[in-house]
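Down below is the structure, laid out as structure tokens.
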Amino acid sequence: MPLHRPLALLTAAALFLGVVFAQKPWREYPAFEYNDFPIPPDYQEKTEWAFARLMYPNAANAFGGRRGGGRFGGGGFGGARDWTQGGRGVYWTMDYPRSDRHFSQALRRLTRIHARSVEEPVNLDEGFQYNWPWLYGVEVGHWNLTDSQAALLREFLLRGGFFMCDDFHGDQEWDIFTQSLHRVFPDRQIVELEDSDPIFHSIYDLDGRYQVPGAQFLRSGSMSEHGGTIPRWRGVYDDRGRLMVAICHNMDLGDSWEHADNPEYPEKFSALGIRIGVNYTVYAMTH
């Protein structure tokens, strides 16, 4: 057989596999709170933007070790769960998919961005993150990225990706969050974002931001959780001054999107939460 034949066959096989992977069908996973949320009729629409939600393993030491880690997570919530399959006790599914779809709908109404009506769960290990340059992580006070996942997230961000993380509170969850983020960027500092940063002015001028509480506010009347009384707007920049990671600590923007149609949840919190998300999305697509 000529030497070029094996190379040609390998090339053809790679192209075939690329087509198969590119056509991987959208999938909805079981979630922490919702398992019967209606799927929009246009969920297969081809658009320029989609809400990409980061899938991750649970941290074993979150809240004194009551949450499982490794491949399986969810200890304390009905037994072990495979984080790659979602379900109750798997923290990346918090607020999913209601939060994602409400925000996507808001983005379509408030901007000219052609946004997809459904989210895209992204498992870094599968290598599809480059199709979704805006990535959102919820409850990152409970994540535990592997070394491989941390390297993949770092490569994604350095190539121009953007990561927004949200809904974690207090010192303990901050410590758990930074353990993984420092594996992503061991050589970069987490810094406070100034009011003048372009991300707060890409669409809306958001100098007068305030703490956005989760839905627990409706029961407790408390703006904070786990002692996280001061909202923190932080981030990580690349070498050119582009914000790669936008960190929303001691607040719950995901709940503000999730409960945007809940008459009991104060409108002012959803209004700010959506504006922040819009600014972050537009910034990510223009910087």
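Each residue of the sequence shown is one higher than the last, beginning at 18 in this note's numbering. Glycine included, each C-beta is placed from N, C-alpha and C at the ideal position. All values reported here derive from a predicted model rather than from experimental measurement.
Under the three-state reduction of DSSP, residue 266 is assigned to strand. About 7 Å separates the beta carbon of residue 227 from that of residue 289, a gap short enough to meet the 8 Å contact definition.
In the same chain as residue 235, and ignoring 5 residues on each side of it, the C-beta atoms closer than 6 Å to its own belong to 281, in chain order. Under the DSSP assignment, residue 252 falls in the beta strand (DSSP E) whose first and last residues are 249 to 254. Contact check for residue 114 against residue 45 passes: the beta carbons are separated by less than 8 Å.
Between residue 119 and residue 256, the gap from beta carbon to beta carbon reaches 8 Å or more. Taking a contact as a CB-CB distance under 8 Å, the pair residue 275 and residue 112 counts as one, their CB atoms being some 5 Å apart. Counting only the Cα atoms, residue 125 lies some 35 Å from residue 196. Between the alpha carbons of residue 155 and residue 136 lies a distance of about 14 Å. For residue 171, the uninterrupted alpha helix (DSSP H) run begins and ends at 164 to 175, by DSSP. Distance from the CA of residue 285 to the CA of residue 220, rounded to the nearest whole angstrom, comes to 18 Å.
No Cβ-Cβ contact shorter than 8 Å links residue 295 with residue 251. Between residue 64 and residue 132, the gap from beta carbon to beta carbon is short of 8 Å.
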